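The numbers in my numbering rise by one with no breaks, and the one at position 358 of the sequence shown is 358.
Where is the CB? At the ideal position from N, CA and C, for every residue including glycine.
Treat the numbers as computed from the prediction; the structure is a model and nothing was measured.
The structure appears below as structure tokens.
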Amino acid sequence: MSVKGLITPAYMTLAMMAEMFITENNRSDKLAFESILYVETENKSDFREEPPDFFVDLNLDQVIKAITDPKKDYKLDSIFYNSLKNINNVTYRQNVFRDLQNDSILHSVKIFTEKVEKMYRYLSGIDRLYKYQKERWLMDSAEIYCEAVQTLFKDLTVESPESAGIKGLLEYIGTYINSESFTKLRDETSALRTKLDAVRFTMIIKTGKIVVKEYNGEEDYSAEIKGAFHKFSESGSVMKKVRIPQFSGMNHVEAAVLELVAKIYPETFQSLLDYSQRNNDFIDSTLGKFQKEIQFYLAYIDHMAGIKDVGLQFCIPEISEVNRNVFCYGGFDIGLADKLSKEKKAAVTNDLVLEDDQRIIVVTGPNHGGKTTFARMFGQIHYLGSLGLPVPGTGSYLYLFDSIFTHFERSENLDNGRGKLEDDLVRIKAIIDRSTSNSIIIINEMLSSTTLKDAVKIGKKIVSDILKIGCLCLYVTFLDELASLDGTVSMVSTIVPQNPEERTYKIIKQPADGLAYAMALARKYGVTYDDIIRRITS
Numbered sequence: 001m002s003v004k005g006l007i008t009p010a011y012m013t014l015a016m017m018a019e020m021f022i023t024e025n026n027r028s029d030k031l032a033f034e035s036i037l038y039v040e041t042e043n044k045s046d047f048r049e050e051p052p053d054f055f056v057d058l059n060l061d062q063v064i065k066a067i068t069d070p071k072k073d074y075k076l077d078s079i080f081y082n083s084l085k086n087i088n089n090v091t092y093r094q095n096v097f098r099d100l101q102n103d104s105i106l107h108s109v110k111i112f113t114e115k116v117e118k119m120y121r122y123l124s125g126i127d128r129l130y131k132y133q134k135e136r137w138l139m140d141s142a143e144i145y146c147e148a149v150q151t152l153f154k155d156l157t158v159e160s161p162e163s164a165g166i167k168g169l170l171e172y173i174g175t176y177i178n179s180e181s182f183t184k185l186r187d188e189t190s191a192l193r194t195k196l197d198a199v200r201f202t203m204i205i206k207t208g209k210i211v212v213k214e215y216n217g218e219e220d221y222s223a224e225i226k227g228a229f230h231k232f233s234e235s236g237s238v239m240k241k242v243r244i245p246q247f248s249g250m251n252h253v254e255a256a257v258l259e260l261v262a263k264i265y266p267e268t269f270q271s272l273l274d275y276s277q278r279n280n281d282f283i284d285s286t287l288g289k290f291q292k293e294i295q296f297y298l299a300y301i302d303h304m305a306g307i308k309d310v311g312l313q314f315c316i317p318e319i320s321e322v323n324r325n326v327f328c329y330g331g332f333d334i335g336l337a338d339k340l341s342k343e344k345k346a347a348v349t350n351d352l353v354l355e356d357d358q359r360i361i362v363v364t365g366p367n368h369g370g371k372t373t374f375a376r377m378f379g380q381i382h383y384l385g386s387l388g389l390p391v392p393g394t395g396s397y398l399y400l401f402d403s404i405f406t407h408f409e410r411s412e413n414l415d416n417g418r419g420k421l422e423d424d425l426v427r428i429k430a431i432i433d434r435s436t437s438n439s440i441i442i443i444n445e446m447l448s449s450t451t452l453k454d455a456v457k458i459g460k461k462i463v464s465d466i467l468k469i470g471c472l473c474l475y476v477t478f479l480d481e482l483a484s485l486d487g488t489v490s491m492v493s494t495i496v497p498q499n500p501e502e503r504t505y506k507i508i509k510q511p512a513d514g515l516a517y518a519m520a521l522a523r524k525y526g527v528t529y530d531d532i533i534r535r536i537t538s
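Now the structure itself:
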């Protein structure tokens, strides 16, 4: 880029835009932008580097892995491991997602991150380079950086984002590009590039020797060489593609030539060395942090895209710290949906509603009918919602929990000296003891190792204890008796009426009736009471 291009009115316009933006938004009640993930501080003592205990039960370990794997370099996992406890942070992220639903804003942000990634690639290998080469790569990196920052500011200004997060970023950049540190970096980079672009030299190779001298109008043999080899590019000639290795650096001969060129232009190359000393840490820390944090949004947007391609929908839920009357329409297990989308199939969607004094959803029905998937969906939408993410569904209202506890079936552990029933009871007691009215409990099939009578008695006690706590719960069980207790809502996995062995994977709100399913099977196979009596008497 020439110096002429860097002092065109475009720069003046950008500076004027920044000044105007700062003036219009310079209100004393605004906090300085620090993070695109948090507007208020979360409790750092609760921050975890490892996934929560319930991740495996809800299949969230695989979900988060699928989301973060394409961006491993950014180490996003821990952000997904920490649900938000501050409703303002949830809303802050949700509004950023709303802005990123604008394709132009999303495109501008992606272009910025791609340029900054390119800059980091340059910088990552800089220590392995030769003298002058590493300084030039630093200058090129700074040039990419300046262009990325200015372009992002210009693009976002045109799009007028509405979220506090991206508006705060825009205001921050507007101040930054007018700062002395940035303008000095930009202008120094521009001036140095002009100097380096003016470097001309003549290289003479003869009898194993290389002579480098100042350029004095000697003839350029490039055109002559091109003409000599022109016949090899004529039509009809056989062309064979050869893979030529790409080198990011120079070899020792080229480095030696560069040293000789530096002696011809000592002032220019000393300027390059001085520039490197002054600007070896040119990246603004807040923008560097933004580059990493915005990947949280981009990774999830990329993950949603494949699922949306098969017709499923995501929504930004309303989140409440108080109201437990939750609902979700058109929800689905995001892990299952991702797997099926790769086969160009869509997961079955389901609705759930808790209203009035209902706190527990009791799910019954035939095995392999989607009950566990439904339980996972319930946990997933609440957890993803607590991260400020869009959730599976066409519309939802969710509760901001303090903890999620899961009790899923475990194979008997011979090492702890407990039988399966005792182990189930020890685990559920620990959950009940730790739960608060703000918790969510998800139970999936327990008490299968005891008698039906005892299972019903214990199950009722568990439901009673959870109702006393007042927390939300989803309980998958084979015990129909639990679905009719006060404070519960009954949901049933359904079958195709004409073929009771065929599952619809639809979970609907209706009274539990395991007997109806048993009768449907009996009728299909001709083993109802009447069928058996008819055979005996005939």
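### Task
Would you mind sorting THR207 into buried or exposed? The rule is 16 or more other CB atoms within 10 Å of its CB.
exposed
### Message
In whole angstroms, give me the CA-to-CA distance for VAL362 and SER141.
### Response
59 Å
### Between the CA atoms of GLU502 and VAL109 - distance to the nearest angstrom
47 Å
### Query
Going by the CB atoms, is the gap between SER163 and ASP99 shorter than 7 Å?
yes
### Query
When we look at the beta-carbon of THR451 and count the other beta-carbons within 10 Å, is it buried (16 or more) or exposed?
exposed
### Task
Say whether the stretch 257 to 267 touches the stretch 209 to 229, bearing in mind that this needs 3 or more beta-carbon pairs closer than 8 Å, one atom from each stretch.
yes
### Task
Throw me the rounded Cβ distance for the LEU352 and PHE314 pair, which I believe falls under 8 Å.
Their Cβ separation, rounded to whole angstroms, is 16 Å, which puts LEU352 and PHE314 out of contact at 8 Å.
### Task
With a threshold of 16 other CB atoms inside 10 Å of the CB of MET491, please say whether the residue is buried or exposed.
buried
### Query
Which partner residues does HIS407 have in the DSSP bridge list?
ILE443
### Query
Taking C-beta to C-beta, are SER493 and GLY369 nearer than 7 Å?
yes
### Query
The beta strand (DSSP E) spanning GLU501 covers which residue range?
499 to 509
#### Entry: Cα-Cα separation between GLU171 and PHE33, rounded to whole angstroms
8 Å
### Environment of PHE112 [buried if 16+ CB atoms lie within 10 Å]
buried
### Message
Per the DSSP calculation, MET203 is bridged to which residue(s)?
### Response
VAL212
### Message
Helix, strand or coil for ILE495? Go by DSSP, reduced to three states.
### Response
strand
### Status (buried if at least 16 other CB within 10 Å, exposed otherwise) for GLU24
With a pLDDT of 48 at GLU24, under the threshold of 50, the predicted position of this residue should be treated as unreliable, though the coordinate-derived value follows. When all chains shown are included, GLU24 counts as exposed.
### Query
For ARG562, is the classification buried or exposed, using 16 other Cβ atoms within 10 angstroms of its Cβ as the cut-off for buried?
Nothing about residue 562 can be read from this structure; the chain reaches only from 1 to 538.
### DSSP state of VAL363 mapped onto helix, strand, coil
strand
### Query
Between GLY388 and ASP338, which are expected to be in contact by the criterion C-beta below 8 Å, what is the C-beta distance as a whole number of angstroms?
Their Cβ separation, rounded to whole angstroms, is 20 Å, which puts GLY388 and ASP338 out of contact at 8 Å.
### Task
Could you tell me which residues DSSP puts in a beta bridge with TYR554?
The requested residue 554 does not occur in the structure, where the chain is confined to residues 1 to 538.
### Query
How many angstroms separate the CA atom of LEU123 from the CA atom of GLU188?
18 Å
### DSSP state of ARG535 mapped onto helix, strand, coil
helix
### Message
I need the straight-line Cα distance from PHE21 to GLY165, nearest angstrom please.
### Response
Model confidence at PHE21 stands at a pLDDT of 46, short of 50, so the residue's coordinates are unreliable; what they give is reported in the following sentence. Straight-line Cα distance between these residues: approximately 16 Å.
### Query
In terms of residues, what are the limits of the beta strand (DSSP E) holding ASN95?
Taken as a continuous stretch (DSSP letters only), ASN95 belongs to no beta strand (DSSP E), being part of the alpha helix (DSSP H) at 87 to 100.
### Query
Just the Cα atoms here: how many angstroms apart are ARG136 and ILE144?
12 Å
### Task
Flag this pair as yes or no: are the beta carbons of ALA483 and ALA455 separated by less than 7 Å?
no
### Message
Quick check on the DSSP output: what are the complete alpha helix (DSSP H) runs of length 4 or more inside the stretch 251 to 314, in order along the chain?
### Response
252 to 264, 266 to 278 and 285 to 308
### Query
Is any heavy atom in the ligand FAD found nearer than 6 Å to the beta carbon of THR537?
Inclusion of the ligand FAD in the displayed structure is not the case, the ligand content being empty and no account of it being possible.
### Query
What span of residues does the alpha helix (DSSP H) with SER179 cover, start to end?
Here SER179 belongs to no alpha helix (DSSP H), and DSSP marks it neither H nor E.
### Query
Beta carbon of GLU481, beta carbon of GLU445: below 7 Å?
no
#### Entry: First through last residue of the beta strand (DSSP E) which encompasses LEU352
350 to 353
### Query
So what's PHE327 in DSSP terms, helix, strand or just coil?
strand
### Query
With distances taken between CB atoms, is the gap from GLY487 to ILE442 smaller than 7 Å?
no
### Task
Could you check how far apart the C-beta atoms of PHE405 and HIS382 are, in whole angstroms? I think they sit under 8 Å.
Rounded, the Cβ-Cβ distance is 12 Å, inconsistent with contact.
### Query
Taking just the CA atoms, how far does GLY227 sit from ALA255?
29 Å
### Query
Would you call the stretch 46 to 59 and the stretch 184 to 202 in contact, with 3 or more CB pairs under 8 Å?
no
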